[in-house]
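Student:
In the numbering used here, the protein residues as written are 1 to 403.
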């Protein structure tokens with residue numbers, strides 16, 4: 001790509017040097033008040049974003065296509081590219097733009113479908129579907145997945161005896177993106193199912209370091225026994241794969257991810273893909289919608305993002321623990337029998353923002369002033385909810401909630 005530098009300006013040489021490192025991404029190259037894209041990236045931006053394509057060197061024999069967006073319009077255009085299946089590398093100016101020499105630029109992060117919510121709060125669909133990134137490893141037709149919900153930071157490793165059983169769980173999890181070990185690159189069955197049947201974004205990656213050592217160093221532990229992963233080599237491999245992928249793309253150590261667990265989900269009822277589809281639990285094929293004419297749509301009267309995610313999870317993973325089921329029923333009964341209290345609680349809950357996502361952005365140093373204001377308002381509202389319950393003198397609710 002850089003064979004002929006003679007006709008290139010210094011900043012274009014810089015652009016191609018960065019692009020060489022991020023060939024599979026659209027590169028947002030910061031030029032003062034704009035993000036500019038060149039070559040095929042500009043043509044893709046034109047098709048997806050409907051923005052004009054021009055050229056800075058129109059008189060050249062082979063002019064280089066150029067497209068750009070104002071830097072303050074990133075919130076509008078970035079989700080469109082990511083939802084179209086593209087990864088976007090954001091190269092910012094990291095030296096003084098007023099200096100006489102060329103401004104230094106570095107990629108600050110790569111935005112992918114699962115990490116889009118880390119950019120700002122409440123982009124479209126965040127409240128409806130869990131924000132899951134999932135990694136898959138395989139050995140002798142035995143599959144292990146490691147999946148992380150970036151909306152709640154719940155990180156779980158799981159084993160499957162066959163690809164058929166793995167497919168059921170993929171449908172229930174609805175991951176935003178799937179990371180495959182490079183050893184699965186030639187597995188046509190997996191690629192066919194993931195891309196055509198489930199329309200998932202898949203990316204290939206490999207862990208260059210020792211997988212177990214990667215996890216031990218991350219969690220600052222001597223072994224993985226406490227997490228239930230000791231001697232589970234494929235679970236360790238898929239988890240390290242996911243962690244390294246996130247670290248490399250987000251340019252962060254993700255220290256706030258401080259726990260992982262092995263879970264067989266034996267406490268939940270096992271519902272296969274056909275049942276979920278035939279009962280219209282979370283998707284209706286007639287309306288082609290996950291929000292209209294589904295059981296989730298009928299039941300969803302939640303007021304918060306976490307409540308929405310929790311409801312969806314409970315529909316596709318119903319509890320089998322009788323004691324826990326009865327505990328929930330008791331709580332619901334108390335609220336139904338106390339409509340005044342229920343109304344007050346709901347009123348306070350509608351001011352609760354997506355706290356988990358805000359905390360993630362704070363940990364990554366990406367929080368905006370509005371995030372801090374929303375966090376303050378959310379915490380005040382939660383305190384008000386507990387105060388309302390205490391003032392109601394409802395002994396059963398106070399006992400259940402341990403107030």
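No residue lacks a Cβ here, since even glycine has one placed at the ideal position from N, Cα and C.
Being a predicted model, the structure only gives us computed values, none of them experimental.
Given a cut-off of 8 angstroms, decide if residue 239 and residue 215 are closer than it, judged by their beta-carbon atoms.
Tutor: Yes, the pair counts as a contact, with Cβ atoms nearer than the cut-off.
Student: Of the residues 365, 169, 52 and 140, which one's Cα is nearest the Cα of residue 70?
Tutor: Out of 365, 169, 52 and 140, 52 has the C-alpha closest to the C-alpha of residue 70.
Student: Given that a residue counts as buried once 16 or more other Cβ atoms are within 10 Å of its Cβ, and exposed if not, what is residue 84?
Tutor: Residue 84 comes out exposed.
Student: Just the C-alpha distance for residue 149 and residue 188, rounded to the nearest angstrom, thanks.
Tutor: Near 27 angstroms, if we compare the C-alpha coordinates of residue 188 and residue 149.
Student: Report the three-state DSSP secondary structure of residue 369 (helix, strand or coil).
Tutor: Reduced to three states, the DSSP call for residue 369 is helix.
Student: Any idea which residues DSSP pairs residue 30 with across the strands?
Tutor: Looking at the DSSP assignment, residue 30 forms a beta bridge with 35.
Student: Please report the straight-line C-alpha distance between residue 58 and residue 42, rounded to a whole angstrom.
Tutor: If you take the alpha carbons of residue 58 and residue 42, they lie about 15 angstroms apart.
Student: Going by the CB atoms, is the gap between residue 303 and residue 234 shorter than 8 angstroms?
Tutor: Not closer than 8 angstroms, so no.
Student: Ignore the nearest five residues each way along the sequence and tell me which others in residue 352's own chain have a CB closer than 6 angstroms to its CB.
Tutor: Excluding residues within five positions, the ones whose Cβ falls inside 6 angstroms are 304, 378 and 381.
Student: For residue 320, which three-state DSSP category applies?
Tutor: Note: residue 320 maps to coil in three-state DSSP.
Student: For my contact list, residue 91 and residue 106 are in at a C-beta cut-off of 8 angstroms; report their separation, rounded to the angstrom.
Tutor: Correct: roughly 6 angstroms between the Cβ atoms.
Student: Can you name, in chain order, every residue of its own chain whose Cβ lies under 6 angstroms from the Cβ of residue 18, other than the five neighbours on each side?
Tutor: For residue 18, where only same-chain residues beyond five positions count, the Cβ hits under 6 angstroms are 91.
Student: Can you tell me where the beta strand (DSSP E) holding residue 143 begins and where it ends?
Tutor: Segment 142–149, the beta strand (DSSP E) holding residue 143.
Student: Within its chain, find whatever has a CB closer than 7 angstroms to the CB of residue 95; leave out the 5 residues flanking it on each side and keep chain order.
Tutor: Within the same chain, residue 95 has close Cβ partners 103 and 104.
Student: Quick check: what's the CA-CA separation for residue 210 versus residue 132?
Tutor: Distance between the alpha carbons of residue 210 and residue 132: 25 angstroms.
Student: Take every Cβ of the region 200–207, pair it with every Cβ of the region 173–190, and state whether three or more of those distances are shorter than 8 angstroms.
Tutor: At 8 angstroms Cβ cutoff, the stretches touch.
Student: Here's a check: name, in chain order, each residue in its chain whose Cβ is nearer than 7 angstroms to the Cβ of residue 34, leaving out the five neighbours to either side.
Tutor: For residue 34, where only same-chain residues beyond five positions count, the Cβ hits under 7 angstroms are 68, 69, 70 and 71.
Student: Helix, strand or coil: which one does DSSP assign to residue 70?
Tutor: DSSP places residue 70 in strand when its eight states are reduced to three.
Student: In its own chain, which residues sit with a C-beta less than 7 angstroms from the C-beta of residue 284, not counting the 5 before and 5 after it?
Tutor: These residues qualify, in order along the chain: 292, 293 and 294.
Student: Could you spell out the range, first to last residue, of the beta strand (DSSP E) harbouring residue 405?
Tutor: The requested residue 405 does not occur in the structure, where the chain is confined to residues 1 to 403.
Student: Can you tell me whether DSSP reads residue 44 as helix, strand or coil?
Tutor: Three-state result, residue 44: helix.
Student: Which one or two residues does DSSP pair with residue 261 in a beta bridge?
Tutor: The partner list for residue 261 (beta bridge, DSSP) reads 156.
Student: Using the three-state DSSP reduction, which class does residue 185 fall into: helix, strand or coil?
Tutor: It is coil, neither helix nor strand.
Student: The beta strand (DSSP E) that contains residue 350, what's its start and end?
Tutor: Neither: residue 350 is in no beta strand (DSSP E) and is coded neither H nor E.
Student: How would you call residue 130, buried or exposed, if buried means at least 16 neighbouring beta carbons within 10 angstroms?
Tutor: With 16 or more Cβ atoms within 10 Å of its Cβ, residue 130 is classed as buried.
Student: I'd like to check one pair, residue 312 with residue 152: are the Cβ atoms closer than 8 angstroms?
Tutor: Result no, Cβ atoms of residue 152 and residue 312 do not sit closer than 8 angstroms.
Student: In angstroms with no decimal places, state the Cα-to-Cα distance between residue 263 and residue 320.
Tutor: C-alpha separation (whole angstroms): 15 angstroms.
Student: Whole-angstrom Cβ separation of residue 38 and residue 64, contact assumed at under 8 angstroms?
Tutor: Residue 38 to residue 64, Cβ: 5 angstroms. Contact.
Student: I need the boundaries of the beta strand (DSSP E) containing residue 87, first residue and last residue.
Tutor: Taken as a continuous stretch (DSSP letters only), the beta strand (DSSP E) holding residue 87 covers 87–93.
Student: Drop a sphere of 10 angstroms on the beta-carbon of residue 99, count the other beta-carbons inside from all chains shown, and report buried for 16 or more, exposed for fewer.
Tutor: Exposed, because fewer than 16 other Cβ atoms sit within 10 Å of the Cβ of residue 99.
Student: Can you say whether residue 30 is buried or exposed, counting buried as having 16 or more other CB atoms within 10 angstroms of its CB?
Tutor: It counts as buried.
Student: Around the C-beta of residue 253, are 16 or more other C-beta atoms found within 10 angstroms, so that it is buried, or is it exposed?
Tutor: That one is exposed.
Student: According to DSSP, what are the bridge partners of residue 284?
Tutor: The partner list for residue 284 (beta bridge, DSSP) reads 289.
Student: CB-CB under 6 angstroms to residue 169, same chain, minus the five flanking residues each way: which ones, in chain order?
Tutor: Cβ within range, chain order: n/a, list empty.
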